[in-house]
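J.:
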Amino acid sequence: MFSNFYITILVVLTLSLFVLILIRIKINKKIKIKKDIELICQNISSLMNEFEFYHAIYYELKKIDKLLNFNLTEKNFQHLLKHLKDIEDILKKQFKNQKITDIEQILLLTYDQTVTFLKDKHGLVKGDYFLDKKLEKVNKKIKRSDEGLEIHHFYEFKEKGLSNPEYAKNLPFKYQKSENLVYCDLLEHFILHLKIIDYSKNPNHFDVGKKGAEIIFNRLREIFYFNTFHEKEYKRKISQKIYYKKKDFWKCLAFWESLKIYFKYINPNKKS
Numbered sequence: 247m248f249s250n251f252y253i254t255i256l257v258v259l260t261l262s263l264f265v266l267i268l269i270r271i272k273i274n275k276k277i278k279i280k281k282d283i284e285l286i287c288q289n290i291s292s293l294m295n296e297f298e299f300y301h302a303i304y305y306e307l308k309k310i311d312k313l314l315n316f317n318l319t320e321k322n323f324q325h326l327l328k329h330l331k332d333i334e335d336i337l338k339k340q341f342k343n344q345k346i347t348d349i350e351q352i353l354l355l356t357y358d359q360t361v362t363f364l365k366d367k368h369g370l371v372k373g374d375y376f377l378d379k380k381l382e383k384v385n386k387k388i389k390r391s392d393e394g395l396e397i398h399h400f401y402e403f404k405e406k407g408l409s410n411p412e413y414a415k416n417l418p419f420k421y422q423k424s425e426n427l428v429y430c431d432l433l434e435h436f437i438l439h440l441k442i443i444d445y446s447k448n449p450n451h452f453d454v455g456k457k458g459a460e461i462i463f464n465r466l467r468e469i470f471y472f473n474t475f476h477e478k479e480y481k482r483k484i485s486q487k488i489y490y491k492k493k494d495f496w497k498c499l500a501f502w503e504s505l506k507i508y509f510k511y512i513n514p515n516k517k518s
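Per our numbering, the very first residue in the sequence shown carries number 247; after that it's consecutive.
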């Protein structure tokens with residue numbers, strides 16, 4: 247009887263010790279990842295000081311510094327680390343005068359800078375989104391879906407659904423003017439909405455940008471996760487335009503995950 251009792255005690259103690267060891271390993275792993283994040287942040291700052299300063303990245307580093315004060319999950323830390331490694335790699339390429347992709351360049355920019363970059367890349371939109379102020383008909387002449395391009399409304403940093411007449415009819419028509427439109431491929435469209443979430447001056451900017459980002463992400467997921475191509479020709483063109491940009495997609499996804507973490511723990515719209 248006593249021997250069984252001692253065996254039970256020994257088993258319980260052994261299991262408890264095993265659990266404690268696992269917890270310690272997990273804690274040590276999180277500490278290491280956190281230190282890696284701090285080191286990469288320092289490296290990024292040094293690279294910007296030596297080569298070129300990016301306001302977008304400067305503010306990202308400030309946000310991540312705040313996040314390090316929270317008890318994040320290991321998965322959250324891994325997401326932040328992945329995004330920071332992407333940024334560090336891009337800056338290192340620039341420092342070595344190596345070629346970077348357009349998406350990599352955009353990741354370094356603010357929303358306004360991204361819009362300017364895309365206007366230079368794809369050209370200006372030569373017409374308003376709707377044919378008149380009644381917003382009854384879309385101006386099909388400005389469409390370039392046969393080239394795999396979509397149209398983004400610049401003022402979506404303030405209001406959502408600007409291509410929907412039901413929303414747009416109650417808003418200033420200037421939001422539909424040609425100078426406030428920009429061509430982009432689907433992946434660029436996604437990152438524009440991520441930049442809205444990140445940098446908009448609208449106090450409700452996370453909610454404004456989030457829905458658009460989620461809708462576009464679902465379309466991207468069909469392309470990059472499931473290799474799905476739509477039967478409709480214009481949608482197929484849009485998919486084909488970005489299909490070779492899978493590495494860029496993963497970088498955008500890491501950025502998206504880092505934004506979600508920030509707004510989960512430090513949402514400036516939350517009431518204290």
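Virtual Cβ for every residue (Gly too), placed ideally from N, Cα, C. Owing to the predicted nature of the structure, the values given are computational and were not obtained by experimental measurement.
#1: For the alpha helix (DSSP H) that contains residue 437, what are its first and last residues?
#2: I believe residue 429 touches residue 390 by the beta-carbon criterion, under 8 Å. Please report the beta-carbon distance rounded to the nearest angstrom.
#3: For residue 412, report the span of its alpha helix (DSSP H) as first-last.
#4: Taking residue 354 as the reference, give the member of 412, 331, 372 and 492 with the closest Cα.
#5: Alpha carbon to alpha carbon, how far is residue 342 from residue 304?
#6: Per DSSP, what kind of secondary structure is residue 284 in: helix, strand or coil?
#7: Report, in whole angstroms, the separation of the C-beta atoms of residue 403 and residue 454, which I expect to be a contact under 8 Å.
#8: If you measure between the beta carbons of residue 337 and residue 294, is that distance less than 8 Å?
#9: DSSP state of residue 350, grouped into three classes?
#10: Under the three-state reduction of DSSP, which class applies to residue 298: helix, strand or coil?
#11: Using the C-alpha atoms, what's the distance from residue 280 back to residue 314?
#12: Quick one: Cα of residue 518 to Cα of residue 512, how far?
#13: Spell out the partners DSSP gives residue 469 in its beta bridges.
#14: Give the straight-line distance between the Cα atoms of residue 496 and residue 350, rounded to the nearest whole angstrom.
#15: May I ask which residues mark the beginning and end of the beta strand (DSSP E) holding residue 503?
#16: Let's test the definition: count the other Cβ atoms within 10 Å of the Cβ of residue 431 and tell me whether it reaches 16, buried, or not, exposed.
#17: Do residue 499 and residue 444 have their beta-carbon atoms positioned less than 8 Å apart in this structure?
#18: Please name the residue in 393, 409 and 394 whose C-alpha comes closest to that of residue 400.
#19: State the Cα-Cα distance for the pair residue 467 and residue 253, rounded to the nearest angstrom.
T.: Checking against the coordinates, here is how it stands:
#1: On the sequence shown, residue 437 is found 191 positions in, with the first residue counted as 1. Start and end: 432-445.
#2: Walking along the sequence shown from the start, residue 429 turns up at place 183. Walking along the sequence shown from the start, residue 390 turns up at place 144. Between residue 390 and residue 429 the Cβ distance is about 6 Å, and since that is below 8 Å, they are a contact.
#3: Taking the sequence shown and counting its residues from 1, one reaches residue 412 at position 166. From DSSP, the alpha helix (DSSP H) with residue 412 extends over 411-414.
#4: On the sequence shown, position 108 is the one that residue 354 refers to. The residue with the shortest Cα to Cα distance from residue 354 is 331.
#5: On the sequence shown, residue 342 is found 96 positions in, with the first residue counted as 1. On the sequence shown, residue 304 is found 58 positions in, with the first residue counted as 1. Near 21 Å, if we compare the C-alpha coordinates of residue 304 and residue 342.
#6: Against the sequence shown, residue 284 aligns to sequence position 38. If DSSP states are grouped into helix, strand and coil, residue 284 belongs with the helices.
#7: In the sequence shown, residue 403 corresponds to position 157, counting from 1. In the sequence shown, residue 454 corresponds to position 208, counting from 1. 7 Å between Cβ atoms; contact.
#8: Position 91 of the sequence shown holds residue 337. Position 48 of the sequence shown holds residue 294. Yes.
#9: Locating residue 350 in the sequence shown gives position 104, where the first residue counts as 1. Correct three-state label for residue 350: helix.
#10: Working through the sequence shown from its first residue, we reach residue 298 at position 52. Residue 298 falls in the coil class under three-state DSSP.
#11: Reading the sequence shown from its first residue, position 68 is the one you call residue 314. Reading the sequence shown from its first residue, position 34 is the one you call residue 280. Those two C-alpha atoms are separated by around 7 Å.
#12: Taking the sequence shown and counting its residues from 1, one reaches residue 518 at position 272. Taking the sequence shown and counting its residues from 1, one reaches residue 512 at position 266. Model confidence at residue 518 stands at a pLDDT of 35, short of 50, so the residue's coordinates are unreliable; what they give is reported in the following sentence. In a straight line, the C-alpha of residue 518 is about 11 Å away from that of residue 512.
#13: The sequence position of residue 469 within the sequence shown is 223, counting from 1. None; residue 469 has no bridge partner.
#14: As a working mapping, residue 496 is identified with position 250 in the sequence shown. As a working mapping, residue 350 is identified with position 104 in the sequence shown. Distance between the alpha carbons of residue 496 and residue 350 is about 11 Å.
#15: Locating residue 503 in the sequence shown gives position 257, counting from the first residue. Unbroken run through residue 503 is the alpha helix (DSSP H), 492-511; no beta strand (DSSP E).
#16: Within the sequence shown, residue 431 is the residue found at index 185, counting from 1. When all chains shown are included, residue 431 counts as buried.
#17: The residue you call residue 444 lines up with position 198 of the sequence shown. The residue you call residue 499 lines up with position 253 of the sequence shown. Taking 8 Å as the Cβ cut-off, residue 444 and residue 499 do not qualify as a contacting pair.
#18: Taking the first residue of the sequence shown as 1, we reach residue 400 at position 154. The shortest C-alpha separation from residue 400 is found at 409.
#19: Your numbering for residue 467 matches position 221 in the sequence shown. Your numbering for residue 253 matches position 7 in the sequence shown. Cα to Cα, the separation comes out at about 53 Å.
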